[in-house]
Each structure stands twice: as structure tokens, then as C-alpha cells.
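To convert, note that position 274 of the sequence shown is 274 in the UniProt record's numbering; the numbers rise steadily by one, no gaps. Note that beta-carbon positions come from the ideal geometry of N, C-alpha and C, so glycine has one too. Note that this is a predicted model, so its numbers are computed, not measured.
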Amino acid sequence: MKAKLGMSPIAWWNDDLAELSDDVSLEECLRQSRSAGFTGMEMGRRFPNDPEVMLPILREADVTLCGGWFSGTLVDEDIAANKDRIRPMINLFKAVDAPCIVYGEVGRSIQGDRSKPLATKPKLADDEMKAYAKKVTEFGEWCAGQGMPLSYHHHMAAVVETEPELDAFMKHSGAGIPLLLDAGHLAFAGGDVLRAIDNHHKRINHVHVKDVRMEVIEKLDRTKQSFLDAVALGAFTVPGDGSLDFGSIVKKFADYGYEGWFVVEAEQDPRKNPPLRMAQVGYKELMRVMTAAGYTVETQGFPNA
């Protein structure tokens, strides 16, 4: 079985918390992650939107674009508005041969609002969840029809956060909307990562190997502290530096024959946890558990011409 290892630039630049950003260029971000061993990078705010500009940068760094976040609003807005906003991203991702676009629901979400405690996160009634799941499925089918599959990202402080919410969303949605399984977000929400893989492995097409520091999460006052407060306090980290057993998690994926990207997404203070050093820690741990699970990790970066 083959696997690819990528990173998210959120370790270098945080879009929601400017103080958790390192003042490095896109080229330096890519250089550091590639030097640690990673062959892919998800899109961040310093990436160009023109493939003619992006491709030479990726080629020079010897990495591929392995995904990127789209801020979806289907819980509140219509499909047409979301189609209009995602169409340029679809064209860009197709031009650079990215595997998928990550759909993150920001409608009603409090993930980017530091004034909103975790306990005030939005919740959907059963009929709302059914309608939402159907709508997202239709949107996912349309995107796939345009040549670019989506990957649905369950997320802290959003309408699909907890394991029961994820189960309900998956029950009422269809194969037209694949799933991004994020170990860190699910663990933060009190879910069982291994059980979620058991339940939903047939739909998983992208994986975020985000680790958590449970000692930070367990001390949170969710009636007063926000998601961004938790991030600033160090709730997230890379595999090998946190509380999750990625040996068991990766083995579970291997048992179901998952092949594809495992992406390290670990937003934290770059002054306390330098991104290059954390990338090296994460890569070392992932290589250890990938090898033990029987994966061959691809070392090819930007495809040879």
C-alpha cells in the first residue's frame, strides 16, 4: 500500500490568529516542509491563485499541492452562491493536479470568533441535518462533475463537530461527498477516532493527522473559552508530540486499504514550537507508524516532466 505525506501551512501562518504566524515566505515554508521529508503542501493564504505562477514555485520546491480549504456556507446559503465562489478554485486545483478541495462549513460556525465560547457552537435539529447533508451531497456531486472531488471536514465549533453529528451527517449524505477524517478535531470533540474510521472508512478520501494535547483540552472551560483560545493555549500539535496513538490510527487505515494523503495540520505558536522542528518530529513519527502498518511512503515530490 502506498501513502503520501503532506503538511498544512497553518504551522507557519495562521489565518485566524495573526500572532500565531511566522514571518516566512511561501518559498521558505515549502523549503522547510520538503527538507523534513514531506512531498505535499495544502494551500494557504500566501499561495498565488494563478497556476502559471504557482506551478514554477511548486516545481522549484519539489512539492505538489495536496489540497486546500474552501469556506462553504451551504448551511445558510444556496448552492448557486457556493458554486460561484468555488469555481475559480476548481479551475486552479485542476490545473495544478491537486487531489481534492477540502470543504469546511463556516456558516453559523464560531471557529474564527474568539469571543464565542466552545459551548455556544451551532447545533442542527434532525430535520436541519437531513436537509444540510442532502444539500452538501448535491454540491459535492456537482464539484466532482467539474473534475474536482471535495472532502468534507468535520470541525470544532462548526455544525458537524461531535462524533454523533458526524454519524448523522454521514447517514443522511451520500457517496457524492467524501469525508476528510481529522483525528485531532474528532478527539478534541470527545469522539473515538478508531470507531469513526470503522464506521466511515468507505467514504474517507483524505486524512489530517493532527495530534492533540489532552492535558490542554481537559483544562478548558468550554463555557468561557473559545476554539481560538484553545489553539493559542497549544491544544494541537504534530504526531509524536501529543496524546493520540497514531500507530493504532494508521494501522486502522491500513486495515481498510486506505491509500492517499496523510496531511499534518498542526496550528500552534511558531515561537514556542518552530515549524521546521515540529515538521521533523511529525515526519519521523509518521514514518515509524507508516512502516509498521505496511505502507510504502512515496518520496516523489513534484512530478518529473
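Where the alpha helix (DSSP H) through residue i begins and ends
{"i": "residue 64", "result": "That residue, residue 64, is in no alpha helix (DSSP H); its beta strand (DSSP E) goes 64-72."}
{"i": "residue 3", "result": "Run containing residue 3: none in the alpha helix (DSSP H); it sits in the beta strand (DSSP E), 2-7."}
{"i": "residue 142", "result": "126-145"}
{"i": "residue 214", "result": "214-217"}
{"i": "residue 61", "result": "51-61"}
{"i": "residue 89", "result": "79-95"}
{"i": "residue 267", "result": "That residue, residue 267, is in no alpha helix (DSSP H); it is neither H nor E in DSSP."}
{"i": "residue 195", "result": "193-200"}
{"i": "residue 19", "result": "That residue, residue 19, is in no alpha helix (DSSP H); it is neither H nor E in DSSP."}
{"i": "residue 32", "result": "26-36"}
Residue i: first and last residue of the uninterrupted beta strand (DSSP E) it sits in
{"i": "residue 167", "result": "Not the beta strand (DSSP E): residue 167 falls in the alpha helix (DSSP H), residues 163-172."}
{"i": "residue 247", "result": "Looking at the DSSP string, residue 247 is not in any beta strand (DSSP E); the run it does join, the alpha helix (DSSP H), is 246-255."}
{"i": "residue 42", "result": "40-43"}
According to DSSP, residues forming a beta bridge with residue i
{"i": "residue 206", "result": "180"}
{"i": "residue 151", "result": "102"}
{"i": "residue 297", "result": "3"}
{"i": "residue 260", "result": "3"}
{"i": "residue 237", "result": "211"}
Best match in the options for proximity to residue i [C-alpha to C-alpha]
{"i": "residue 240", "options": "280, 251, 59 and 106", "result": "280"}
{"i": "residue 4", "options": "205, 243, 220 and 75", "result": "205"}
{"i": "residue 159", "options": "108, 226 and 141", "result": "108"}
{"i": "residue 185", "options": "77, 43, 152 and 113", "result": "152"}
{"i": "residue 105", "options": "117, 123 and 98", "result": "123"}
{"i": "residue 30", "options": "57, 48 and 21", "result": "57"}
{"i": "residue 262", "options": "20, 14 and 99", "result": "99"}
{"i": "residue 154", "options": "125, 131, 278 and 207", "result": "207"}
{"i": "residue 37", "options": "61, 126 and 92", "result": "61"}
{"i": "residue 201", "options": "173, 257, 221 and 247", "result": "257"}
{"i": "residue 135", "options": "243, 79 and 87", "result": "79"}
{"i": "residue 303", "options": "2, 26, 65 and 46", "result": "65"}
{"i": "residue 193", "options": "212, 77, 301 and 131", "result": "212"}
{"i": "residue 249", "options": "32, 293 and 45", "result": "293"}
{"i": "residue 2", "options": "165, 259, 26 and 27", "result": "259"}
{"i": "residue 103", "options": "77, 27 and 67", "result": "67"}
{"i": "residue 315", "options": "75, 174 and 48", "result": "Within the shown structure, residues of the chain are numbered from 1 to 305, placing residue 315 beyond reach of any answer."}
{"i": "residue 203", "options": "77, 150 and 120", "result": "150"}
{"i": "residue 210", "options": "244, 173, 118 and 148", "result": "244"}
{"i": "residue 229", "options": "69, 273, 282 and 118", "result": "118"}
{"i": "residue 273", "options": "246, 167, 233 and 285", "result": "233"}
{"i": "residue 251", "options": "16, 287 and 231", "result": "287"}
{"i": "residue 25", "options": "173, 130, 46 and 301", "result": "46"}
{"i": "residue 125", "options": "172, 33 and 144", "result": "172"}
{"i": "residue 301", "options": "14, 35 and 166", "result": "35"}
{"i": "residue 15", "options": "73, 32 and 231", "result": "231"}
{"i": "residue 77", "options": "113, 131 and 59", "result": "131"}
{"i": "residue 175", "options": "144, 195, 88 and 33", "result": "144"}
Whole-number beta carbon distance between residue j and residue i, since they are thought to touch under 8 Å
{"i": "residue 101", "j": "residue 146", "result": "Not really, about 10 Å apart at Cβ, beyond 8 Å."}
{"i": "residue 111", "j": "residue 43", "result": "About 18 Å; that fails the 8 Å criterion."}
{"i": "residue 188", "j": "residue 133", "result": "Not a contact, Cβ separation roughly 22 Å."}
{"i": "residue 296", "j": "residue 39", "result": "Going by Cβ atoms, the distance from residue 296 to residue 39 rounds to 13 Å, so no, they are not a contact pair."}
{"i": "residue 115", "j": "residue 226", "result": "7 Å"}
{"i": "residue 190", "j": "residue 162", "result": "7 Å"}
{"i": "residue 253", "j": "residue 197", "result": "6 Å"}
{"i": "residue 148", "j": "residue 93", "result": "5 Å"}
{"i": "residue 289", "j": "residue 247", "result": "5 Å"}
Contact with chain D by residue i, beta-carbon distance below 9 Å
{"i": "residue 109", "result": "Looking for chain D here will not work: only one protein chain is present."}
Any 3 or more C-beta pairs closer than 8 Å across the stretch 73-88 and the stretch 131-146: yes
Sufficient close CB pairs (3 or more, under 8 Å) joining the stretch 216-223 to the stretch 176-184: no
At least three beta-carbon pairs within less than 8 Å, the stretch 49-61 to the stretch 10-17: no
Three-pair Cβ contact test at 8 Å for the stretch 265-277 versus the stretch 230-249: Flag = yes, the stretch 265-277 and the stretch 230-249 touch.
Validate contact between the stretch 269-276 and the stretch 12-28 using beta carbons, cut 8 Å, 3 pairs: These segments touch.
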